[in-house]
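Colleague: Residues in the sequence shown are numbered consecutively from 128, following my numbering. For glycine and all other residues, C-beta sits at the position ideal for the given N, C-alpha and C. Bear in mind the structure is a predicted one, so any value in this text is a computation, not a measurement. Before we start, here is the structure in question, set down as structure tokens.
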Amino acid sequence: MKRWLGKAEVVLGNHSDRLNAINIFPVADGDTGTNLYLTVRAAVAALGGTAPDSTETGNDVGAVLSRAGQAAMEQARGNSGTLFAVFLCAAAEPLAGKTRLSAPLLATALNRAQIRAWSALSEPVAGTMLSVLEAAAHAAQAVDASQSGDDSNHALGLSLDAVVEAAYQAVVRTEDELAQLHEAHVVDAGGVGMLLVLDCLRAAVLGEELQEELLDGLHGYKLQDPHIHEHMPADDGVEVMCTINLSPLNAAILRQRLDEMGDSVIMSQVGGAQGADDDDDESSVEISYRWRVHVHVADPEPAVAFIRSLGEPTDIAVSQLAIPRDDVQRPAVTQEPEGSESEGISEAFNVSGQSRHEY
Numbered sequence: 128m129k130r131w132l133g134k135a136e137v138v139l140g141n142h143s144d145r146l147n148a149i150n151i152f153p154v155a156d157g158d159t160g161t162n163l164y165l166t167v168r169a170a171v172a173a174l175g176g177t178a179p180d181s182t183e184t185g186n187d188v189g190a191v192l193s194r195a196g197q198a199a200m201e202q203a204r205g206n207s208g209t210l211f212a213v214f215l216c217a218a219a220e221p222l223a224g225k226t227r228l229s230a231p232l233l234a235t236a237l238n239r240a241q242i243r244a245w246s247a248l249s250e251p252v253a254g255t256m257l258s259v260l261e262a263a264a265h266a267a268q269a270v271d272a273s274q275s276g277d278d279s280n281h282a283l284g285l286s287l288d289a290v291v292e293a294a295y296q297a298v299v300r301t302e303d304e305l306a307q308l309h310e311a312h313v314v315d316a317g318g319v320g321m322l323l324v325l326d327c328l329r330a331a332v333l334g335e336e337l338q339e340e341l342l343d344g345l346h347g348y349k350l351q352d353p354h355i356h357e358h359m360p361a362d363d364g365v366e367v368m369c370t371i372n373l374s375p376l377n378a379a380i381l382r383q384r385l386d387e388m389g390d391s392v393i394m395s396q397v398g399g400a401q402g403a404d405d406d407d408d409e410s411s412v413e414i415s416y417r418w419r420v421h422v423h424v425a426d427p428e429p430a431v432a433f434i435r436s437l438g439e440p441t442d443i444a445v446s447q448l449a450i451p452r453d454d455v456q457r458p459a460v461t462q463e464p465e466g467s468e469s470e471g472i473s474e475a476f477n478v479s480g481q482s483r484h485e486y
């Protein structure tokens, strides 16, 4: 698992420019590759390198992925990075306590991940990395069924081959599933990113090389192809992200209000319930959950103010969706210091030269 994530970090770093170049949905902000790379990098950093850490996780596959997923969720960037973090956290759950990956476990993990990813978005859309993850999950389930639950390494190899092939076919289909992609004649950037991640898993588990030919023929992905945003109008608005502890009721209230304020709303839990472990009288303690929140809005002030009305958010980040035309890979962004008031946000994120997307 550590080898998989380390390989994914390198591959996404190498492919970030091309992923940025074809990034057009949900907004053409040219940072899908960068967001995926930085989110995976956070997951890898949480594992402290490639050496096994038996004192903390033993040979527990789920524990390793859970730790990586928690770090990815806390530091997730953009739509694509947030959904990748959701994927990691969800996939870790059925692997808890398991010492090795098998075809049945892969099928269960991918199915859990695709369900969680679709439910994290208020308005999930087909023709995106969601569709790629769903196709991969269905392929793994089909192989598991055909092999009657065989947990051998051979069955796992068959499953991983089928997963990557299904993911590739789903990426190709994205161009005709979304009008924006069809008009621009490109495939979905997040979908390609998920394909690369899954092929890295296959390569790490089977000890094989990446299938570079997978990317041959994908529209818009050749090195000589231009960035799709070069002649497109700039997107208005900003992306707001934060982490906050909320009760289930307040989480539902926040999602509903953010849906009214903007779009691309993603809310996913980070870890388990908090507040009930140390008190037997559950009625006296309101159980809360840690949430990672993501939304695109025209003005950050009302969104941040409402979030603050429900709790104390941390790691508030406000990023401009408009692409700086002199550098399409580095949209302006600021990270709000913890404890600062929302009144300073508009002034802060307009400061030029600040970017969270730095290698």
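What's the C-alpha gap between V392 and P153?
Modeller: Looking up residue 392 in the sequence shown gives position 265. Looking up residue 153 in the sequence shown gives position 26. Near 11 Å, if we compare the C-alpha coordinates of P153 and V392.
Colleague: Among R204, A289, V270, which has the Cα closest to the Cα of V420?
Modeller: Locating residue 420 in the sequence shown gives position 293, counting from the first residue. The shortest Cα separation from V420 among R204, A289, V270 belongs to R204.
Colleague: With a threshold of 8 Å, are at least 3 pairs of Cβ atoms found where one atom belongs to the region 254-267 and the other to the region 307-327?
Modeller: Short answer: they touch.
Colleague: What's the gap between the Cα of S436 and the Cα of H423?
Modeller: Numbered from its first residue, the sequence shown carries residue 436 at position 309. Numbered from its first residue, the sequence shown carries residue 423 at position 296. Roughly 19 Å separates the two Cα atoms.
Colleague: Contact between the region 133-147 and the region 290-299: three or more CB pairs below 8 Å?
Modeller: Segments in contact, no.
Colleague: State yes or no: is the C-beta of N238 within less than 8 Å of the C-beta of Q197?
Modeller: For this step, residue 238 is matched to residue 111 along the sequence shown. For this step, residue 197 is matched to residue 70 along the sequence shown. Taking a C-beta distance under 8 Å as the contact criterion, N238 and Q197 do not qualify as a contact pair.
Colleague: Only counting runs of 3 or more residues, tell me where the beta strand (DSSP E) segments fall wholly within the region 286-365, in order along the chain.
Modeller: none
Colleague: Applying the 10 Å Cβ sphere with the 16-neighbour rule, what's the burial state of A178?
Modeller: Numbered from its first residue, the sequence shown carries residue 178 at position 51. Any answer about A178 is weak, because its pLDDT of 46 lies below 50 and its placement is not dependable; what the coordinates show is given next. Exposed.
Colleague: State the DSSP-derived secondary structure class of R419, mapped to helix, strand or coil.
Modeller: Translated into positions along the sequence shown, residue 419 becomes position 292. Strand at R419.
Colleague: Using CA atoms only, rank isn't needed, just tell me which of L174, L325, Q383, S374 is closest to L139.
Modeller: Stepping through the sequence shown from its first residue, residue 139 is reached at position 12. When only C-alpha atoms are compared, the closest one is L325.
Colleague: Indicate whether the contact test is met: 3 or more Cβ pairs, each with one atom in the region 278-288 and one in the region 336-351, closer than 8 Å.
Modeller: For the pair of segments examined, the region 278-288 was found not to touch the region 336-351: the number of CB pairs separated by less than 8 Å stays below three.
Colleague: For the region 298-313 and the region 144-152, state whether three or more C-beta atom pairs, one from each stretch, are separated by less than 8 Å.
Modeller: yes
Colleague: My guess is that W131 and A263 are in contact by the Cβ rule of under 8 Å, so how many angstroms apart are they, rounded?
Modeller: As a position in the sequence shown, residue 131 is number 4, starting the count at 1. As a position in the sequence shown, residue 263 is number 136, starting the count at 1. That pair is no contact at about 14 Å.
Colleague: Under the DSSP definition of a beta bridge, which residues are partnered with M368?
Modeller: As a working note, residue 368 is residue 241 in the sequence shown. In the DSSP output, where bridge partners are listed per residue, M368 has H421, A444.
Colleague: Which word fits R417, buried or exposed, when buried means at least 16 other C-beta atoms lie within 10 angstroms of its C-beta?
Modeller: Here residue 417 refers to the residue found at position 290 of the sequence shown. Label assigned to R417: buried.
Colleague: Under the three-state reduction of DSSP, which class applies to G140: helix, strand or coil?
Modeller: In the sequence shown, counting from the first residue as 1, residue 140 sits at position 13. Three-state DSSP puts G140 in a helix.
Colleague: Which same chain residues end up closer than 7 Å to G398 when comparing Cβ atoms and leaving out the 5 residues on each side of it in sequence?
Modeller: As a first step, residue 398 must be located in the sequence shown, where it is residue number 271. Around G398: Q197, R417.
Colleague: Where P375 and A234 are concerned, what is the direct C-alpha to C-alpha distance, given to the nearest angstrom?
Modeller: Working through the sequence shown from its first residue, we reach residue 375 at position 248. Working through the sequence shown from its first residue, we reach residue 234 at position 107. Looking at the two C-alpha atoms, the distance is approximately 29 Å.
Colleague: What's the call for I414, buried or exposed, on a 16-neighbour Cβ count within 10 Å?
Modeller: The residue labelled residue 414 in the question sits at position 287 within the sequence shown. Exposed, because fewer than 16 other Cβ atoms sit within 10 Å of the Cβ of I414.
Colleague: Taking 8 Å as the threshold (C-beta atoms), are A195 and A173 in contact?
Modeller: Sequence index remark: in the sequence shown, residue 173 carries index 46 (1-based). Sequence index remark: in the sequence shown, residue 195 carries index 68 (1-based). Contact flag set, yes.
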